[in-house]
Amino acid sequence: MTQFDYLRYEPWPLLNKLLIDLERSAHVTQNIIGKLDHGQEKVALLPGLNPPHWEFGHLIWFHEFWVHRKGVASNPSFLAHADALFNSSEMIHDDRWQVQIPPIDILMNYFSDVMERTFIILRSGTLSPEQAYFIQLALYHEDMHNEAFAYMWQSLGYAWPLEQDLGASQDQHNDFESRYIHIPQCQFQLGSAPSTGFIFDNEKWQHEVLTHDFSISSHAVSNGEYLEFLRSLNDAGISFKHQPAYWKKEGHAWFERFFDRWRELDLNAPVRHISAHTAEQYCLWKGVRLPTENELSVLMTSAREPWQPSSLWEWTSSTFKPFEGFSSDPYQDYSAPWFDSRHRVLKGWSVFTPDYLRRSQFRNFYLPSRSDFFCGFRTCLA
Numbered sequence: 001m002t003q004f005d006y007l008r009y010e011p012w013p014l015l016n017k018l019l020i021d022l023e024r025s026a027h028v029t030q031n032i033i034g035k036l037d038h039g040q041e042k043v044a045l046l047p048g049l050n051p052p053h054w055e056f057g058h059l060i061w062f063h064e065f066w067v068h069r070k071g072v073a074s075n076p077s078f079l080a081h082a083d084a085l086f087n088s089s090e091m092i093h094d095d096r097w098q099v100q101i102p103p104i105d106i107l108m109n110y111f112s113d114v115m116e117r118t119f120i121i122l123r124s125g126t127l128s129p130e131q132a133y134f135i136q137l138a139l140y141h142e143d144m145h146n147e148a149f150a151y152m153w154q155s156l157g158y159a160w161p162l163e164q165d166l167g168a169s170q171d172q173h174n175d176f177e178s179r180y181i182h183i184p185q186c187q188f189q190l191g192s193a194p195s196t197g198f199i200f201d202n203e204k205w206q207h208e209v210l211t212h213d214f215s216i217s218s219h220a221v222s223n224g225e226y227l228e229f230l231r232s233l234n235d236a237g238i239s240f241k242h243q244p245a246y247w248k249k250e251g252h253a254w255f256e257r258f259f260d261r262w263r264e265l266d267l268n269a270p271v272r273h274i275s276a277h278t279a280e281q282y283c284l285w286k287g288v289r290l291p292t293e294n295e296l297s298v299l300m301t302s303a304r305e306p307w308q309p310s311s312l313w314e315w316t317s318s319t320f321k322p323f324e325g326f327s328s329d330p331y332q333d334y335s336a337p338w339f340d341s342r343h344r345v346l347k348g349w350s351v352f353t354p355d356y357l358r359r360s361q362f363r364n365f366y367l368p369s370r371s372d373f374f375c376g377f378r379t380c381l382a
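Under the UniProt record's numbering, the first residue of the sequence shown is numbered 1, with each subsequent residue one higher.
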């Protein structure tokens with residue numbers, strides 16, 4: 001097997017479907033950036049943020065670099081100095097606040113030029129395997145950054161310009177009755193096969209694992225269950241340091257912030273914006289544990305009943321590691337730099353994740369201290 005085996009992926013997408021998905025994603029991006037109020041593009045230097053216009057420029061640059069410049073830096077960009085400005089592999093996080101980002105009208109023109117050239121390719125009626133792969137890569141990369149815009153807007157308290165409603169989109173909101181599901185020992189296919197269609201390199205390749213019997217909660221931990229944890233700590237004289245960042249208490253009532261609006265806390269909805277470290281403190285208090293990647297994967301590939309998705313990225317106890325035989329795909333910084341024994345695997349999806357990325361074998365990963373993105377957790381009996 002060659003170093004780059006990404007062209008083993010099949011089937012390739014239908015051109016019309018890919019065009020529709022790309023147009024939808026571009027529309028989302030333009031709405032997010034275009035509806036920023038003047039001055040909102042200037043944000044504080046914080047670990048979970050990027051300057052919004054820098055992030056916008058980066059996702060355009062990424063699309064152009066892989067689709068139209070063939071991943072070759074010597075092929076010229078449509079925008080002067082784009083490599084120096086927007087290559088995230090070369091520009092460390094804090095330096096993104098120091099560069100002179102082009103005015104928004106120039107970035108919008110750059111975006112339109114890049115996207116229109118891709119639309120022309122898709123409307124031509126023919127697509128090489130390489131073009132199919134890299135257009136999908138650029139599309140999914142843009143989708144991930146649009147989701148990153150959502151959690152940045154949540155962090156900043158900005159209004160969200162699109163239709164997703166964090167309060168109404170949780171699968172768990174209705175018919176809440178959590179219980180533990182016993183899953184017997186089984187042989188399980190972890191990872192993705194070449195016949196899956198486009199996959200990311202950290203999913204390569206599908207292999208059999210033995211999962212011992214375990215019992216896992218049918219629902220993610222709810223706001224009400226988490227509130228019991230906070231009250232227990234308070235009764236023990238421990239401060240509310242584990243309180244979610246977007247909660248507040250007024251009198252006897254609890255409220256949660258959804259972007260720029262406060263709402264009364266829904267006790268049945270899954271608790272969100274919880275770090276893995278805090279989730280483990282909850283588990284210690286409750287006498288349970290986080291599931292492993294294997295266990296959560298088994299659950300999420302089973303029939304929907306009797307478990308309920310949470311519309312959150314769910315923490316596991318598993319370190320983000322390569323599967324045996326891993327090799328990087330052309331975008332080598334997607335996975336390999338993060339196999340550092342520090343990042344954790346998460347499974348699932350959020351309400352901001354497009355349907356085609358809501359795959360049971362998709363592996364998300366973050367540092368266990370992070371809680372700014374749309375994350376939650378469910379538990380296993382210890």
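Every residue, glycine too, gets a C-beta built ideally from N, C-alpha and C.
None of these values were measured; they are calculated from a predicted model.
- Inside the UniProt domain "Sulfatase-modifying factor enzyme-like" (180-297), DSSP marks whole alpha helix (DSSP H) runs of 4 or more residues at positions 223-235 and 276-286, from first to last along the chain.
- Relative to the Cα of Ser318, the nearest Cα in the group Ala236, Glu295, Phe229 and Leu15 belongs to Glu295.
- Take the alpha-carbon of Asp21 and the one of Lys241: they are about 42 Å apart.
- Annotated three-state conformation of Phe65 is helix, per DSSP.
- Rounded to whole angstroms, Asp213 and Gln206 show a C-alpha spacing of 21 Å.
- When the Cα atoms are used, Asp37 and Trp61 turn out to be separated by approximately 24 Å.
- DSSP places Tyr334 in the coil class of the three-state scheme, outside both helix and strand.
- Of the residues assessed, Ser77 falls on the buried side of the cut-off, its CB having 16 or more other CB atoms within 10 angstroms.
- Taking Ile92 as reference, the option from Ser371, Pro129, Leu45 and Lys347 with the minimal CA-CA separation is Leu45.
- In this structure, the beta-carbon distance from Val345 to Phe365 falls below 8 Å.
- His81 counts as exposed, since fewer than 16 other C-beta atoms from the protein chains shown sit within 10 angstroms of its C-beta.
- Residue state for Gly157 is assigned as coil, using DSSP reduced to three classes.
- Tyr158 is not a Cβ neighbour of Gln30, given a cutoff of 8 Å.
- Gly48 counts as exposed, since fewer than 16 other beta carbons sit within 10 angstroms of its beta carbon.
- By the CB criterion at 8 Å, Val221 and Pro270 fall inside the cutoff.
- Comparing alpha-carbon positions, the option among Gly71, Gly287 and Phe352 lying closest to Ala382 turns out to be Gly287.
- Contact between Leu312 and Arg272 holds: their C-beta atoms lie close to 6 Å from each other, under 8 Å.
- Note on the UniProt domain "Sulfatase-modifying factor enzyme-like" (312-379): whole beta strand (DSSP E) runs with a minimum of 3 residues are 313-319, 344-348 and 364-366, in chain order.
- Across the set Arg231, Phe320, Cys380 and Ser112, the C-alpha of Cys380 shows the shortest separation from the C-alpha of His219.
- Fewer than three pairs of CB atoms, one per stretch, sit closer than 8 Å, so the segment 249-263 makes no contact with the segment 346-356.
- In the DSSP assignment, Ile104 falls within the unbroken alpha helix (DSSP H) covering Ile104 to Arg123.
- The shortest CA-to-CA distance from Glu314 to any of Trp160, Asp113 and Ser297 is the one to Ser297.
- Residues of the same chain with a CB within less than 6 Å of the CB of Asp201, apart from the 5 flanking positions on each side, are Ser328, Asp329 and Ser335 in chain order.
- By the criterion of a C-beta distance shorter than 7 Å, Asp113 is surrounded in its chain by Phe78, once the five residues flanking it on both sides are discounted.
- Here DSSP, grouped into helix, strand and coil, assigns Leu381 to strand.
- Residue environment analysis places Pro291 among the buried positions, since at least 16 neighbouring C-beta atoms fall within 10 angstroms of its C-beta.
- Ala26 has its alpha-carbon roughly 21 Å from the corresponding atom of Gln154.
- The DSSP-derived three-state label of Leu15 is helix.
- Cβ contact annotation for Ile216 (same chain, cutoff 7 Å, sequence separation greater than five): Tyr180, Ile181, Ile183, Pro291, Glu295, Leu299, Arg378 and Cys380, in chain order.
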